[in-house]
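Visitor:
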Amino acid sequence: GAGVSQSPRYKVAKRGQDVALRCDPISGHVSLFWYQQALGQGPEFLTYFQNEAQLDKSGLPSDRFFAERPEGSVSTLKIQRTQQEDSAVYLCASSSNFRGRRSYEQYFGPGTRLTVT
Amino acid sequence: AQSVTQLGSHVSVSEGALVLLRCNYSSSVPPYLFWYVQYPNQGLQLLLKYTSAATLVKGINGFEAEFKKSETSFHLTKPSAHMSDAAEYFCAVSENSGGYQKVTFGTGTKLQVIP
């Protein structure tokens, strides 16, 4: 596709519900990142995939958060038993990241705004 | 560990005035630095990046930033603000972490442009 897409754009969940957020990266991009952006804050790293391998999940705040990218393209971030503190914008980014070069730009999707009531 | 500090969570300028958004970084290795812009309800868009070549970096929409190692700064400037520049701006630093780029963002500066 032309850019990174995310769905849904907005999600309201009642506390305790499970949610699944989808990210479609730019076609052919090897690297995929998930970030959490709380209100008034910068994005904070959650997890990183290189193709289908999840190489870093150090930013996931609890074991209620789970991410997958089974075929190395589309990724899903799942949050189980949502809590109010999970309310945030969840951003997905992809990068061609050939050989892990730091200069490679990350292309961001529009984000999913999750509100837990 | 790397970090970024953005001074001023809100900056207001008059249309046509100079824009100056401040960013200081901390990095254990020579940094790669970025400025991103975020418009309401949109993702982040790259404005410019410093990758150890020229210290003065020119980006899109007339923005530029100067890398100053002695001051550990990477301030963003634009000579003349336009109404369309109103947005939130994020400074970021990248370091290699196990073969991929791990990016740390600042807390952002909201730019208001007054007509």
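So the sequences go chain by chain: A and B. So for the first sequence, the numbering used here puts the first residue at 5; every next one is plus one. So for the second sequence, the numbering used here puts the first residue at 9; every next one is plus one. Every residue gets a Cβ at the ideal spot worked out from N, C-alpha and C, and that includes glycine.
In the DSSP assignment, what are the bridge partners of V101(B)?
Guide: Looking at the DSSP assignment, V101(B) forms a beta bridge with L41(B) and T112(B).
Visitor: Within 10 angstroms of its Cβ, does E96(B) collect 16 or more other Cβ (buried), or is it exposed?
Guide: E96(B) is buried by the Cβ-count criterion.
Visitor: Going by C-alpha distance, which of G46(A), Q58(A), Y39(A) and Q88(A) is nearest T116(A)?
Guide: Ranking the options by Cα distance to T116(A), first place goes to Y39(A).
Visitor: Taking 8 angstroms as the threshold (beta carbon to beta carbon), is G46(A) in contact with chain B?
Guide: So, interface residue.
Visitor: For G116(B) versus C31(B), is the C-beta distance shorter than 8 angstroms?
Guide: No; because the gap between Cβ atoms is not below 8 angstroms, this pair is not in contact.
Visitor: Can you name the residues of chain B whose CB is closer than 9 angstroms to the CB of D60(A)?
Guide: What D60(A) touches in chain B: S105, G106, Y108 and K110.
Visitor: Which residue wins for smallest C-alpha separation from S92(B), given the options S105(B), L15(B) and I68(B)?
Guide: Taking only the C-alpha atoms, the option nearest S92(B) is I68(B).
Visitor: In whole angstroms, give me the CA-to-CA distance for H33(A) and A97(A).
Guide: About 10 angstroms.
Visitor: What does T115(B) touch in chain A if you count any residue whose Cβ is under 7 angstroms from its own?
Guide: Those are Q45 and G46, listed as they occur along chain A.
Visitor: Between K110(B) and T59(B), what straight-line distance do the alpha-carbon atoms span, to the nearest angstrom?
Guide: In a straight line, the C-alpha of K110(B) is about 15 angstroms away from that of T59(B).
Visitor: For S98(A), which three-state DSSP category applies?
Guide: Three-state result, S98(A): strand.
Visitor: For S36(B), collect the residues of the same chain with a Cβ closer than 8 angstroms to its Cβ; drop the 5 residues on either side in sequence, then sort them by chain order.
Guide: The residues are A9, Q10 and E103.
Visitor: In or out: T119(A) buried (at least 16 other Cβ within 10 Å) or exposed?
Guide: T119(A) is exposed by the Cβ-count criterion.
Visitor: Figure out for me which residue from R85(A), R68(A), Q54(A) and P47(A) has the closest Cα to the Cα of G113(A).
Guide: When only C-alpha atoms are compared, the closest one is P47(A).
Visitor: Shortest alpha-carbon distance to L15(B) belongs to which of H83(B), S105(B) and Y44(B)?
Guide: Among H83(B), S105(B) and Y44(B), the Cα nearest to that of L15(B) belongs to H83(B).
Visitor: Name the two residues that bound the continuous beta strand (DSSP E) containing V16(A).
Guide: From DSSP, the beta strand (DSSP E) with V16(A) extends over Y14 to A17.
Visitor: Is DSSP giving D28(A) helix, strand or coil here?
Guide: Note: D28(A) maps to strand in three-state DSSP.
Visitor: My output table needs one value for G24(B): the three-state DSSP class, helix, strand or coil.
Guide: Reduced to three states, the DSSP call for G24(B) is coil.
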